[in-house]
Every structure is written in C-alpha cells, then in structure tokens.
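Just add 155 to wherever you are in the sequence shown, counting from 1, and you've got this note's numbering. Contents: one structure, followed by commentary.
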Amino acid sequence: MQLFYREYGEGYPIVILHGLYGSSDNWVSIAGELADSYRIILPDQRNHGKSPHDEKHTYELMSSDLHELLQKLEIDSFILMGHSMGGKTAAYFARQWPEMLTGLLILDITPFRTDTEQVISESLHLQILGKMADTDPSVFNSREEAGKVFSEITPSVRIRNFLLKNLERDKKGNFKWKLNPRYLYDNLENIFDGMELPEASKTEPIRGFPVYFLRAMNSDYISEIDYEPIRKLFPAAEIIE
Numbered sequence: 156m157q158l159f160y161r162e163y164g165e166g167y168p169i170v171i172l173h174g175l176y177g178s179s180d181n182w183v184s185i186a187g188e189l190a191d192s193y194r195i196i197l198p199d200q201r202n203h204g205k206s207p208h209d210e211k212h213t214y215e216l217m218s219s220d221l222h223e224l225l226q227k228l229e230i231d232s233f234i235l236m237g238h239s240m241g242g243k244t245a246a247y248f249a250r251q252w253p254e255m256l257t258g259l260l261i262l263d264i265t266p267f268r269t270d271t272e273q274v275i276s277e278s279l280h281l282q283i284l285g286k287m288a289d290t291d292p293s294v295f296n297s298r299e300e301a302g303k304v305f306s307e308i309t310p311s312v313r314i315r316n317f318l319l320k321n322l323e324r325d326k327k328g329n330f331k332w333k334l335n336p337r338y339l340y341d342n343l344e345n346i347f348d349g350m351e352l353p354e355a356s357k358t359e360p361i362r363g364f365p366v367y368f369l370r371a372m373n374s375d376y377i378s379e380i381d382y383e384p385i386r387k388l389f390p391a392a393e394i395i396e
C-alpha cells in the first residue's frame with residue numbers, strides 16, 4: 156500500500172507514526188522543531204488521514220506498509236518513533252527489520268495486548284467508531300454540530316476535538332471522514348492485539364539499537380507489570396516516566 160506522507164528537513168531520517176484516530180499532521184509541530192537537524196518522515200497509516208483505505212488492518216500489514224514506503228524513499232537506516240497504535244506498528248517493524256533501525260522510541264503503549272488496556276479502552280473505542288460509522292458527516296453544517304455527536308459518548312472536550320480532526324470537506328464542500336470508521340470498527344480486535352509475551356512465545360530478543368519507552372504517568376497504557384516483558388523483548392530498553 157502506498158502511504159501518504161509528509162516530509163520535513165534534511166539529515167538523518169526519523170520516521171514518526173501516529174496513533175488511532177490520528178494522522179501525520181498530529182506531528183507537524185514536532186517535525187518543525189527537529190527539521191533543522193533531521194529529515195522527518197510523517198506517514199499516514201492505512202485507513203487514516205490521506206492514505207488508502209483497506210478492509211484489512213493488522214500490525215503485520217502496517218509494518219509492511221512502512222517498509223514499502225521506506226523502499227520508495229530509499230531509506231535503509233533510520234530512527235523510528237511511534238505513539239499508541241503507531242508504537243505497536245513500530246515494535247512489529249523492529250522485530251521484522253531490526254537491521255534498518257538505529258533507534259526506537261515507543262510512546263505510551265506496550266507491544267503486548269494487556270487486560271488493562273482492553274478494560275479501559277475497548278468499550279469506548281467501539282462506541283466512538285460505531286457512532287462514526289453510523290453517522291453520515293455530510294449532514295453536518297459545522298464542526299460544532301458534529302461535536303455534539305460525541306458528547307453523549309465522552310464528556311472530554313479534548314477527546315471530542317481530537318476526533319473532529321478527522322473531518323474534512325470534499326470537493327462539493329460537504330464534510331467527510333478522513334479515516335474509515337467501519338474498517339477500524341471491524342478491526343478493533345486487531346488494533347488491540349499485540350505480540351505474545353516473551354515467556355509465552357519463541358520470539359528472540361530484539362537487539363542492536365537503543366530503545367526507549369515513554370510512559371505517561373497519568374495513563375494506564377504502560378504499567379509497572381509491563382516492565383519485565385518489555386525488557387525481555389528489548390534487552391536495551393530504557394523506560395522513561
């Protein structure tokens with residue numbers, strides 16, 4: 156799949172992957188800060204942003220999408236960063252093509268499927284994606300009107316505004332979703348999936364480059380019980396809180 160991407164700056168490449176409901180434009184301000192020293196590549200992952208939509212949505216496919224993009228750009232050595240869903244994509248990429256990486260930074264997610272993640276988020280995501288899939292955005296006259304659709308799901312203005320970044324105008328001036336909510340809804344199990352825990356699989360430790368996990372202290376996506384399996388999978392991992 157040929158992914159849409161944004162590119163900034165010159166120098167050693169850094170690729171940054173967005174999370175669920177996100178897109179490359181989430182990272183434009185960060186790219187601007189790094190562009191004086193690095194070449195920054197910001198892809199839209201499949202079913203998000205300006206990239207193609209497909210009914211299949213797995214981490215194996217998303218990591219292969221990234222590999223295809225890097226071949227197109229003739230990049231064979233780079234630093235990889237990923238947030239949330241993008242962090243899992245980055246971990247899968249690191250397992251399959253470790254020789255291409257000189258550094259890995261995973262933000263606010265573990266590579267594994269955890270019960271905590273499932274309990275906290277899956278129900279909310281099902282509601283959000285279900286509502287988006289069942290709503291024709293062309294009927295909205297404004298973003299404020301669209302925001303009311305999500306007010307019954309979450310009281311958080313921040314979350315609602317983030318979701319509304321997926322609205323754009325088509326050539327006729329009507330609103331449409333940039334992401335594909337139906338495909339994401341149907342693949343939510345895959346999105347919450349992850350690598351098997353090291354003790355439950357024959358996965359070899361991934362070595363050869365620095366690895367950092369950024370744990371947000373007010374978030375439950377990385378907990379202290381994840382530290383040991385993370386370090387078994389990535390022996391060089393440093394966990395920053």
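Glycine is no exception: its CB is placed at the ideal position from the N, C-alpha and C atoms. Fair warning: this is a prediction, and the values are worked out from it, not measured in the lab.
(request) Taking 8 Å as the threshold, find out whether the stretch 314-326 comes into contact with the stretch 359-373 through three or more Cβ pairs. (result) no
(request) Within its chain, find whatever has a CB closer than 6 Å to the CB of P207; leave out the 5 residues flanking it on each side and keep chain order. (result) Residue 207 sits at position 52 when you count from the first residue of the sequence shown. Excluding sequence neighbours, P207 sits near M156.
(request) Taking 8 Å as the threshold, find out whether the stretch 180-192 comes into contact with the stretch 245-257 through three or more Cβ pairs. (result) no
(request) Check each candidate in N335, S276, I308, E188 and name the one with the smallest Cα separation from D199. (result) For the purposes of this step, residue 199 is taken as residue 44 along the sequence shown, with counting starting at 1. When each option's Cα is compared against that of D199, the closest is N335.
(request) Specify the secondary structure class of P353 as computed by DSSP and reduced to three states. (result) Stepping through the sequence shown from its first residue, residue 353 is reached at position 198. If DSSP states are grouped into helix, strand and coil, P353 belongs with the helices.
(request) Measure the beta-carbon distance from D348 to Y214 and round it to whole angstroms, keeping in mind my assumption that it falls under 8 Å. (result) Here residue 348 refers to the residue found at position 193 of the sequence shown. Here residue 214 refers to the residue found at position 59 of the sequence shown. Rounded, the Cβ-Cβ distance is 7 Å, consistent with contact.
(request) Indicate the three-state DSSP secondary structure (helix, strand or coil) for H173 in the structure shown. (result) Mapped onto the sequence shown, residue 173 falls at position 18. Reduced to three states, the DSSP call for H173 is coil.
(request) Going by DSSP, name the residue or residues bridged to T267. (result) As a working note, residue 267 is residue 112 in the sequence shown. What sits at residue 267 in the sequence shown is Phe, not Thr. For F267, which the question treats as bridged, DSSP gives the partners M350.
(message) For T271 and G363, I'd like the C-alpha separation in whole angstroms.
(response) Sequence index remark: in the sequence shown, residue 271 carries index 116 (1-based). Sequence index remark: in the sequence shown, residue 363 carries index 208 (1-based). Residue placement at T271 is flagged as unreliable, the pLDDT there being 49, under the threshold of 50; a coordinate-derived value is accordingly withheld.
(request) Using only alpha-carbon positions, find the residue among R298, S219, R268 that is nearest to P353. (result) In the sequence shown, the residue the question calls residue 353 occupies position 198. The residue with the shortest Cα to Cα distance from P353 is R268.
(request) Report yes if the C-beta distance between I230 and Y193 is below 8 Å; otherwise report no. (result) In the sequence shown, counting from the first residue as 1, residue 230 sits at position 75. In the sequence shown, counting from the first residue as 1, residue 193 sits at position 38. Result no, Cβ atoms of I230 and Y193 do not sit closer than 8 Å.
(request) Identify every residue that forms a DSSP beta bridge with F233. (result) The residue given as residue 233 occupies position 78 in the sequence shown. DSSP lists L256 as partners of F233.
(request) Report yes if the C-beta distance between L172 and T244 is below 8 Å; otherwise report no. (result) Working through the sequence shown from its first residue, we reach residue 172 at position 17. Working through the sequence shown from its first residue, we reach residue 244 at position 89. Yes, these two residues count as a Cβ contact at 8 Å.
(message) In the DSSP output, which residue or residues are listed as bridge partners for F317?
(response) Here residue 317 is taken as the residue at index 162 of the sequence shown, counted from 1. F317 is not bridged to any residue.
(message) Measuring CB atoms only, is the stretch 284-294 touching the stretch 302-315, in the sense that at least three cross pairs come out at less than 8 Å?
(response) yes
(request) Measure the Cβ-Cβ separation of G242 and L225 and say whether it is below 8 Å. (result) On the sequence shown, position 87 is the one that residue 242 refers to. On the sequence shown, position 70 is the one that residue 225 refers to. Contact: no.
(message) Among the candidates T290, N316, D291, S293, whose CA atom is the shortest distance from the CA of E299?
(response) Numbered from its first residue, the sequence shown carries residue 299 at position 144. Of T290, N316, D291, S293, the residue nearest in Cα terms is N316.
(request) On a CA-only basis, which of D341, S293, E223, R313 is nearest K327? Give me that one, please. (result) Taking the first residue of the sequence shown as position 1, residue 327 is located at position 172. Considering only alpha carbons, the answer is S293.
(request) Put R337 into one of helix, strand or coil per three-state DSSP. (result) As a first step, residue 337 must be located in the sequence shown, where it is residue number 182. Helix.
(message) What does the alpha-carbon distance come out to for the pair L158 and K303?
(response) If you number the sequence shown from 1, residue 158 lands on position 3. If you number the sequence shown from 1, residue 303 lands on position 148. For L158 and K303, the distance between alpha carbons rounds to 31 Å.
(message) Run through the DSSP bridge pairs and tell me what W332 is partnered with.
(response) Here residue 332 refers to the residue found at position 177 when the sequence shown is read from its first residue. Answer is L322.
(request) Starting from A392, trace the beta strand (DSSP E) both ways and give me its first and last residue. (result) For the purposes of this step, residue 392 is taken as residue 237 along the sequence shown, with counting starting at 1. Its beta strand (DSSP E) spans residues 392-395.
(message) Tell me the DSSP secondary structure of L158 in three-state form.
(response) What you label residue 158 is simply residue 3 of the sequence shown in a count that begins at 1. Reduced to three states, the DSSP call for L158 is coil.
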